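Notes for the one structure printed next.
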Amino acid sequence: MTRWIHRHSEFQEFIRADQVIRSQFFTIPVLPSSEPEFAFGITIGKRIGKAVVRNLLRRRIKAWFRQTTLSLAPRIRIILIARREAGSLSWQQLDAELSDVIGRIRQKTHNSTDHAAHP
């Protein structure tokens with residue numbers, strides 16, 4: 666199950682995130698959570714483009730997360746911060762990019778939980 670992050674105070678917590686995944690199109694800070702569900706937020710700044718472009722990108726990202734079968738660890742929170750180039754992504758490119766970065770997040774969070782379990 667996914668919980669959407671909406672509150673400004675929750676977004677502010679990500680400023681000091683230790684774990685950050687970067688790609689050509691997105692920056693994704695990752696934080697542990699005490700909640701039993703995966704939490705997700707989207708940040709798309711005005712430098713991406715006009716409102717039409719930003720809203721289209723936001724809708725596509727939300728649709729991708731709704732229809733994908735990839736699941737993340739239930740006790741993490743992420744914010745997807747779009748970079749300027751993300752506004753020009755087609756649906757196929759967005760699908761490939763999000764699959765890649767989510768796979769990297771899964772790998773990093775899986776590895777960090779393994780190290781925590783076996784010091």
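Residues 666 to 784 (the working numbering) make up the sequence shown, in order. Just so you know, even glycine gets a beta-carbon here, dropped at the ideal spot from N, CA and C. If you're wondering where the values come from, they're calculated on a predicted model, not measured in any experiment.
Take Glu762 as the anchor and find which of Arg668, Gln677 and Gln689 has the nearest alpha-carbon.
Taking the first residue of the sequence shown as position 1, residue 762 is located at position 97. Taking only the C-alpha atoms, the option nearest Glu762 is Gln689.
Given a cut-off of 8 Å on the beta-carbon distance, is the pair Ile726 and Ile707 in contact?
As a first step, residue 726 must be located in the sequence shown, where it is residue number 61. As a first step, residue 707 must be located in the sequence shown, where it is residue number 42. Yes, they are a contact pair.
Quick one: what's Ile693 bridged to in DSSP?
What you label residue 693 is simply residue 28 of the sequence shown in a count that begins at 1. Bridge partners of Ile693: Ile686.
Out of Thr774, Ile767, Ile741 and Leu754, point me to the one whose CA is closest to Ser699's CA.
Residue 699 sits at position 34 when you count from the first residue of the sequence shown. Comparing C-alpha distances from Ser699 to each of Thr774, Ile767, Ile741 and Leu754 shows the shortest one belongs to Ile741.
Counted within 10 angstroms of its Cβ, other Cβ atoms place Ala716 as buried (16 or more) or exposed
As a position in the sequence shown, residue 716 is number 51, starting the count at 1. Per the 10 Å Cβ criterion, exposed.
Identify, in the order they occur along the chain, each residue of the same chain with its Cβ nearer than 7 Å to the Cβ of Val766, setting aside the five sequence neighbours on each side.
If you number the sequence shown from 1, residue 766 lands on position 101. Ile686, Ser688, Phe691 and Ile693.
Can you tell me whether Gly706 is helix, strand or coil according to DSSP?
As a first step, residue 706 must be located in the sequence shown, where it is residue number 41. Reduced to three states, the DSSP call for Gly706 is strand.
Please name the residue in Pro697, Arg672 and Phe676 whose C-alpha comes closest to that of Thr774.
Residue 774 sits at position 109 when you count from the first residue of the sequence shown. Nearest C-alpha to Thr774 among Pro697, Arg672 and Phe676: Pro697.
Can you check whether the CB of Asp760 is closer than 8 Å to the CB of Trp729?
Position 64 of the sequence shown, counted from the start, is the residue given in the question as residue 729. Position 95 of the sequence shown, counted from the start, is the residue given in the question as residue 760. Yes; because the gap between Cβ atoms is below 8 Å, this pair is in contact.
Status (buried if at least 16 other CB within 10 Å, exposed otherwise) for Arg749
Sequence index remark: in the sequence shown, residue 749 carries index 84 (1-based). Exposed, by the Cβ-count rule.
Coarse secondary structure for Arg668, derived from DSSP in three states
Sequence index remark: in the sequence shown, residue 668 carries index 3 (1-based). Note: Arg668 maps to strand in three-state DSSP.
Please state whether DSSP places Ala782 in a helix, a strand or coil.
The sequence position of residue 782 within the sequence shown is 117, counting from 1. Residue placement at Ala782 is flagged as unreliable, the pLDDT there being 44, under the threshold of 50; a coordinate-derived value is accordingly withheld.
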